[in-house]
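Sequential numbering of the sequence shown, starting at 8, is according to the working numbering.
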Amino acid sequence: MKIDRYVRNKRAKTALLVLGFVLLLSLFAEIIANDKPILLKYQGEYFFPIAKVYTDARFGGDFPTEANYKDSLIVQNIQKQGYMVMPLIKFSYNTVDYELNQPFPAPPSWRHPLGTDEEGRDIVARLLYGIRLSFVFALVLTFVSSVIGIFIGAVQGYFGGKIDIILQRFIEIWDSMPQMFVLIIVASVFVPTFWSLLIILLFFSWTELTGMVRAEFLRVRQFEYVKAAKAIGVSNFRIIWRHILPNALVTTVTFIPFILAGGIVALTALDFLGLGLGHDYPSLGDLVRQGKDNLQAPWIGLSIFFVLSFTLTALIFIGEGVRDAMDKRKR
Numbered sequence: 008m009k010i011d012r013y014v015r016n017k018r019a020k021t022a023l024l025v026l027g028f029v030l031l032l033s034l035f036a037e038i039i040a041n042d043k044p045i046l047l048k049y050q051g052e053y054f055f056p057i058a059k060v061y062t063d064a065r066f067g068g069d070f071p072t073e074a075n076y077k078d079s080l081i082v083q084n085i086q087k088q089g090y091m092v093m094p095l096i097k098f099s100y101n102t103v104d105y106e107l108n109q110p111f112p113a114p115p116s117w118r119h120p121l122g123t124d125e126e127g128r129d130i131v132a133r134l135l136y137g138i139r140l141s142f143v144f145a146l147v148l149t150f151v152s153s154v155i156g157i158f159i160g161a162v163q164g165y166f167g168g169k170i171d172i173i174l175q176r177f178i179e180i181w182d183s184m185p186q187m188f189v190l191i192i193v194a195s196v197f198v199p200t201f202w203s204l205l206i207i208l209l210f211f212s213w214t215e216l217t218g219m220v221r222a223e224f225l226r227v228r229q230f231e232y233v234k235a236a237k238a239i240g241v242s243n244f245r246i247i248w249r250h251i252l253p254n255a256l257v258t259t260v261t262f263i264p265f266i267l268a269g270g271i272v273a274l275t276a277l278d279f280l281g282l283g284l285g286h287d288y289p290s291l292g293d294l295v296r297q298g299k300d301n302l303q304a305p306w307i308g309l310s311i312f313f314v315l316s317f318t319l320t321a322l323i324f325i326g327e328g329v330r331d332a333m334d335k336r337k338r
């Protein structure tokens with residue numbers, strides 16, 4: 008079976024397990040790295056600050072704003088009448104450590120295992136949140152663009168003729184558009200956000216699978232079972248969905264990990280160039296830029312280099328494993 012062939016590929020299997028473990032950790036980033044307690048007991052009541060906002064006055068403070076759980080007064084009041092359980096890393100991705108006695112960026116220490124960036128934020132926390140953000144962005148981009156690309160390619164390959172020619176000329180013109188110039192124009196007019204960047208990249212990424220699906224449909228539509236289905240009056244939609252599309256997906260699935268890697272690289276590159284997400288987001292591209300701008304702090308560049316190298320390499324190994332598992336010639 009295909010799964011058995013993938014499992015026998017030790018390199019692909021190891022890459023999948025390790026990358027899956029890293030992604031699992033990133034999904035629980037709020038519990039691992041946060042400046043708020045996971046659990047808090049005060050005056051006999053239990054509180055969950057990572058899930059709900061509590062005011063400073065609720066714990067004996069003077070202000071109606073959100074409580075600062077590093078404030079000495081708040082900490083003393085809680086310890087006197089209860090306790091609080093802090094995460095393993097006591098900093099979120101946007102927490103500035105004002106208690107450091109060193110200029111930013113600070114080198115690695117017990118307090119910050121990978122040091123801080125140029126704004127005093129913990130690099131481990133930013134990497135943890137940044138990996139999750141990058142993968143969510145790339146997964147959504149890959150899924151939506153693949154659905155659109157497969158649909159357009161299926162229409163082209165199945166119907167052929169004028170529909171195929173018109174759509175093919177449109178795709179050729181669309182692919183020739185200068186993507187970078189469009190992004191620069193949009194970034195100068197609008198403030199880039201997660202969804203705006205996703206929509207912009209979606210405009211240019213849906214064509215990646217179209218040619219492959221089109222070619223597969225052009226090949227399979229000539230088979231006898233497709234002609235027989237047409238002869239007995241089966242609808243075009245049913246033939247596409249039930250008879251041809253499963254065969255086309257076998258080849259397209261092998262390219263999904265590579266498209267996913269391309270989505271991560273695209274977001275990182277845009278953030279590095281200043282055309283992507285703002286400083287409010289835990290961006291991997293921002294860490295790449297900081298590594299370039301702060302050569303005197305090599306821990307920034309080395310940290311993001313190893314994270315990106317591992318992530319992209321693991322995705323490539325997974326893609327190669329899926330490709331080999333789908334190849335009927337390899338047993």
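Every residue gets a Cβ at the ideal spot worked out from N, C-alpha and C, and that includes glycine.
State the CB to CB distance for the pair residue i and residue j, rounded to an integer number of angstroms; the pair is presumed to be in contact (CB under 8 Å).
{"i": "residue 291", "j": "residue 315", "result": "7 Å"}
{"i": "residue 49", "j": "residue 66", "result": "6 Å"}
{"i": "residue 112", "j": "residue 301", "result": "6 Å"}
{"i": "residue 99", "j": "residue 40", "result": "6 Å"}
{"i": "residue 81", "j": "residue 63", "result": "7 Å"}
{"i": "residue 141", "j": "residue 274", "result": "6 Å"}
{"i": "residue 307", "j": "residue 96", "result": "At roughly 17 Å, the Cβ-Cβ gap does not stay under 8 Å, so residue 307 and residue 96 are not in contact."}
{"i": "residue 293", "j": "residue 16", "result": "So it is not a contact: roughly 35 Å between Cβ atoms."}
{"i": "residue 282", "j": "residue 191", "result": "6 Å"}
{"i": "residue 149", "j": "residue 270", "result": "6 Å"}
{"i": "residue 329", "j": "residue 260", "result": "6 Å"}
Is residue i helix, strand or coil by DSSP?
{"i": "residue 332", "result": "helix"}
{"i": "residue 182", "result": "helix"}
{"i": "residue 60", "result": "coil"}
{"i": "residue 125", "result": "coil"}
{"i": "residue 304", "result": "coil"}
{"i": "residue 74", "result": "coil"}
{"i": "residue 164", "result": "helix"}
{"i": "residue 27", "result": "helix"}
{"i": "residue 118", "result": "coil"}
{"i": "residue 152", "result": "helix"}
{"i": "residue 264", "result": "helix"}
{"i": "residue 316", "result": "helix"}
{"i": "residue 13", "result": "helix"}
{"i": "residue 287", "result": "coil"}
{"i": "residue 111", "result": "coil"}
{"i": "residue 292", "result": "helix"}
{"i": "residue 35", "result": "coil"}
{"i": "residue 146", "result": "helix"}
{"i": "residue 68", "result": "coil"}
{"i": "residue 137", "result": "helix"}
{"i": "residue 174", "result": "helix"}
{"i": "residue 281", "result": "coil"}
CA-CA distance, residue i and residue j?
{"i": "residue 165", "j": "residue 242", "result": "12 Å"}
{"i": "residue 138", "j": "residue 33", "result": "7 Å"}
{"i": "residue 121", "j": "residue 224", "result": "51 Å"}
{"i": "residue 78", "j": "residue 188", "result": "47 Å"}
{"i": "residue 171", "j": "residue 162", "result": "8 Å"}
{"i": "residue 11", "j": "residue 255", "result": "21 Å"}
{"i": "residue 235", "j": "residue 156", "result": "27 Å"}
{"i": "residue 206", "j": "residue 144", "result": "11 Å"}
{"i": "residue 203", "j": "residue 237", "result": "43 Å"}
{"i": "residue 108", "j": "residue 303", "result": "18 Å"}
{"i": "residue 263", "j": "residue 75", "result": "43 Å"}
{"i": "residue 181", "j": "residue 215", "result": "12 Å"}
{"i": "residue 246", "j": "residue 24", "result": "37 Å"}
{"i": "residue 83", "j": "residue 51", "result": "16 Å"}
{"i": "residue 258", "j": "residue 153", "result": "13 Å"}
{"i": "residue 201", "j": "residue 229", "result": "43 Å"}
{"i": "residue 322", "j": "residue 267", "result": "8 Å"}
{"i": "residue 298", "j": "residue 312", "result": "9 Å"}
{"i": "residue 126", "j": "residue 295", "result": "14 Å"}
{"i": "residue 117", "j": "residue 133", "result": "17 Å"}
{"i": "residue 193", "j": "residue 284", "result": "13 Å"}
{"i": "residue 110", "j": "residue 136", "result": "24 Å"}
{"i": "residue 199", "j": "residue 27", "result": "29 Å"}
Tell me the DSSP bridge mates of residue i?
{"i": "residue 53", "result": "48"}
{"i": "residue 92", "result": "46"}
{"i": "residue 103", "result": "128"}
{"i": "residue 327", "result": "Answer is none; residue 327 lacks a bridge partner."}
{"i": "residue 273", "result": "Residue 273 pairs with nothing; no bridge assigned."}
{"i": "residue 40", "result": "96"}
Are the C-beta atoms of residue i and some chain C residue less than 9 Å apart?
{"i": "residue 57", "result": "No chain C appears in the structure shown, which is made up of a single protein chain."}
Between residue i and the ligand ATP, is there a pair consisting of the residue's CB and a ligand heavy atom that are separated by less than 8 Å?
{"i": "residue 303", "result": "Summarising the ligand content, the structure contains no ligands, and the ligand ATP is consequently not present."}
Those runs of the beta strand (DSSP E) which lie wholly inside the stretch 177 to 252 and span at least 3 residues: If we require 3 residues or more, the stretch 177 to 252 turns out to have no beta strand (DSSP E) run fully inside it.
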